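Number of protein chains: 2
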Amino acid sequence: MAMGRPRSFDTDKALDDAMEVFWRHGYDGASLAMLTKAMGIKPPSLYAAFGSKEGLLKAALDRYAQRRSEHMRYVLAGPTARDVAERFLFSIAESHTDPANPPGCLLVQGGLACGQGSENIPFELASRRALSETELRERFVQAQQDGDLAETADPAALARFLSTVASGMGVLASSGADRGALREVARVSLSAFPERDEMRIVKP
Amino acid sequence: MAMGRPRSFDTDKALDDAMEVFWRHGYDGASLAMLTKAMGIKPPSLYAAFGSKEGLLKAALDRYAQRRSEHMRYVLAGPTARDVAERFLFSIAESHTDPANPPGCLLVQGGLACGQGSENIPFELASRRALSETELRERFVQAQQDGDLAETADPAALARFLSTVASGMGVLASSGADRGALREVARVSLSAFPERDEMRIVKP
DNA sequence: AGACTTATCTACCACTCGATACAAAACTTG
DNA sequence: CAAGTTTTGTATCGAGTGGTAGATAAGTCT
Numbered sequence: 001m002a003m004g005r006p007r008s009f010d011t012d013k014a015l016d017d018a019m020e021v022f023w024r025h026g027y028d029g030a031s032l033a034m035l036t037k038a039m040g041i042k043p044p045s046l047y048a049a050f051g052s053k054e055g056l057l058k059a060a061l062d063r064y065a066q067r068r069s070e071h072m073r074y075v076l077a078g079p080t081a082r083d084v085a086e087r088f089l090f091s092i093a094e095s096h097t098d099p100a101n102p103p104g105c106l107l108v109q110g111g112l113a114c115g116q117g118s119e120n121i122p123f124e125l126a127s128r129r130a131l132s133e134t135e136l137r138e139r140f141v142q143a144q145q146d147g148d149l150a151e152t153a154d155p156a157a158l159a160r161f162l163s164t165v166a167s168g169m170g171v172l173a174s175s176g177a178d179r180g181a182l183r184e185v186a187r188v189s190l191s192a193f194p195e196r197d198e199m200r201i202v203k204p
Numbered sequence: 001m002a003m004g005r006p007r008s009f010d011t012d013k014a015l016d017d018a019m020e021v022f023w024r025h026g027y028d029g030a031s032l033a034m035l036t037k038a039m040g041i042k043p044p045s046l047y048a049a050f051g052s053k054e055g056l057l058k059a060a061l062d063r064y065a066q067r068r069s070e071h072m073r074y075v076l077a078g079p080t081a082r083d084v085a086e087r088f089l090f091s092i093a094e095s096h097t098d099p100a101n102p103p104g105c106l107l108v109q110g111g112l113a114c115g116q117g118s119e120n121i122p123f124e125l126a127s128r129r130a131l132s133e134t135e136l137r138e139r140f141v142q143a144q145q146d147g148d149l150a151e152t153a154d155p156a157a158l159a160r161f162l163s164t165v166a167s168g169m170g171v172l173a174s175s176g177a178d179r180g181a182l183r184e185v186a187r188v189s190l191s192a193f194p195e196r197d198e199m200r201i202v203k204p
């Protein structure tokens, strides 16, 4: 059996290019013309490789998650719950203002509300945003067991708070805020986080 | 001189309907077909009244701001800086989950990233988001003068933090979070806010 | 009433959208 | 080399986009 003509473009490179377009223009705002131009391929190649525009987005999101998993591993490896929170917020201040990428977060910029035919895109993004919140929550539960987070603290609430601030920082960055502004938000947010020998956040 | 045929639809009612469409689908996702159907008018009437799709959005945003100005007046009338922060966050938890509206915040849902021909929409929304942050900051400066906010506190940082949390709550609400979840975020966020006789947020 | 002004409706414009049919090209295998 | 398989480019599809021309309807003014 013959093997067929080999693909003439690099899939990961093309996904990086597509990711940038989705990031900068959102799902609805990213047209196939933009995408194919950025990726350096023609529509039939795109559809052969990714199936559809939505398939392309999902592949780009997978790659985005893959990239961020390294950061997240570092974040979750913080020695205490508070260190984890600190790493989380400050690494986001950096990544959301990384000049190598469009400002903000793909999972926020990608599309909170979409038009006809893209109704499921916001759900897709939301479910992926929920992943890091879950990781944080589980890490905080662990911290409670380890004793570096007060038993009266609420891991779910803390994780949701951090996740919410992260989304807000994405919105802030998308409107042109600089790295200093995001760091400042991170700093203020951290003061909502219980210090080691203190607990301000307790269950109701 | 004659006065011409009177308009057969109510402008404010039509704007409310358009607002909901923009809110639910974003600027790019809101098609003229959706808008005219929701508003109960035909395209020529829309263009005669609002000039363009972008003009319609701006008119809807004006009306949105008008609605929220009442809430904001109540928020800013809080007796102390901390009361202001508390009112701000909890009123947002309510409004972003008001079943009478689409979930989230129009200024966030409307479009953080848009396509060709709508590049200025994100700026328009960002500038309107910045307004409430400015109001908060000025209120906190006043609070400092009044003595109910520590001199070492940073009004700009606090206002930006609250504004960021508000945006984050918009993202959270748009992905289906319920009112309780938003209230919880508000509660945690408030613990980052200096109590009356304490100041945790100081200038660097 | 009749002139004038403005809004509304039908129908349509040029264009872009996401997606594809088809044939030529490029590779592996026999 | 020839057969088989997959990718590529050209050219295009039907549907939908934001927006408008022109005629008609509905008012106010003299």
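Which chain is which? The protein sequence lines are U and G, in order. Read in order, the letters of the first sequence are residues 1 to 204 in the numbering used here. Read in order, the letters of the second sequence are residues 1 to 204 in the numbering used here. Where is the CB? At the ideal position from N, CA and C, for every residue including glycine. Since this is a predicted model, take the numbers as computed values, not measurements.
Would you mind giving the Cβ-Cβ distance between residue i and residue j, rounded to the nearest angstrom? I have them listed as a contact below 8 Å.
i, j, result
"residue 29/U", "residue 165/G", "About 26 Å separates the two Cβ atoms, so there is no contact after all."
"residue 112/U", "residue 108/G", "7 Å"
"residue 93/G", "residue 186/G", "5 Å"
"residue 224/U", "residue 157/G", "Here chain U covers residues 1 to 204 and nothing more, so residue 224/U does not appear."
"residue 97/G", "residue 49/G", "About 31 Å separates the two Cβ atoms, so there is no contact after all."
"residue 159/U", "residue 160/G", "With a Cβ gap of about 22 Å, residue 159/U and residue 160/G do not count as contacting."
"residue 95/U", "residue 126/G", "With 8 Å as the limit, residue 95/U and residue 126/G do not qualify as a contact, their Cβ atoms being about 20 Å apart."
"residue 104/U", "residue 173/U", "4 Å"
Determine, using beta carbons only, whether residue i comes closer than 7 Å to chain G.
i, result
"residue 161/U", "yes"
"residue 113/U", "yes"
"residue 8/U", "no"
"residue 172/U", "yes"
"residue 168/U", "yes"
"residue 81/U", "no"
"residue 164/U", "yes"
"residue 132/U", "no"
Just to confirm my understanding: we take residue i, look at its own chain, exclude 5 residues before and 5 after, and list those with CB closer than 8 Å. What are they?
i, result
"residue 197/U", "With a pLDDT of only 48 at residue 197/U, under the threshold of 50, the placement of this residue in the model should not be trusted, and no figure is reported."
"residue 134/U", "159"
"residue 47/G", "none"
CB-CB under 6 Å to residue i, same chain, minus the five flanking residues each way: which ones, in chain order?
i, result
"residue 203/U", "In this prediction, residue 203/U scores a pLDDT of 45, lower than 50, which makes its location untrustworthy; no coordinate-derived value is stated."
"residue 199/U", "The predicted position of residue 199/U is uncertain, since its pLDDT is 43 and thus under 50; a value taken from the coordinates is nonetheless stated next. Correct list, in chain order: 150, 152, 153."
"residue 17/G", "38, 39"
"residue 14/G", "39"
"residue 71/G", "91"
"residue 56/U", "18, 50"
"residue 77/U", "none"
"residue 119/U", "none"
Using a Cβ-Cβ distance cut-off of 7 Å, determine whether residue i contacts chain U.
i, result
"residue 205/G", "Residue 205/G lies beyond the residue range present for chain G, which begins at 1 and ends at 204; the question has no answer from this structure."
"residue 16/G", "no"
"residue 93/G", "no"
"residue 84/G", "no"
"residue 98/G", "no"
"residue 184/G", "yes"
"residue 21/G", "no"
Within the same chain, show all residues whose beta-carbon is closer than 7 Å to that of residue i, passing over the 5 residues directly before and after it, in chain order.
i, result
"residue 217/G", "Lying outside 1 to 204, the shown extent of chain G, residue 217/G is not represented and no answer is given."
"residue 81/U", "140, 143, 148, 149"
"residue 128/U", "61, 65, 107"
"residue 114/U", "27, 28, 121, 122"
"residue 41/U", "9, 14"
"residue 195/G", "82"
"residue 22/U", "30, 57, 60, 106, 110"
"residue 132/U", "72, 163"
"residue 32/U", "43, 53"
"residue 137/U", "155, 156, 159"
"residue 24/G", "102"
"residue 87/G", "74, 75, 78"
"residue 178/G", "97"
### Contact list for the stretch 135 to 162 of chain G against chain U, Cβ threshold 7 Å
157, 158, 160, 161
> Looking at chain U, which residues of the stretch 56 to 78 of chain G have a Cβ within less than 8 Å of any of its Cβ atoms?
Replying inline: none
Uninterrupted alpha helix (DSSP H) stretches inside the stretch 28 to 54 of chain U (no shorter than 4 residues)
32 to 39, 43 to 50
Scan the stretch 55 to 114 of chain U and note each continuous alpha helix (DSSP H) run of 4 residues or more that stays entirely inside, going in chain order.
81 to 95, 106 to 109
Proximal residues, the stretch 26 to 52 of chain G versus chain U, C-beta separation under 8 Å: 26, 28, 29, 30, 31, 34
Ignoring anything shorter than 4 residues, give me the alpha helix (DSSP H) runs that lie fully in the stretch 154 to 195 of chain U, in order along the chain. 155 to 174, 179 to 190
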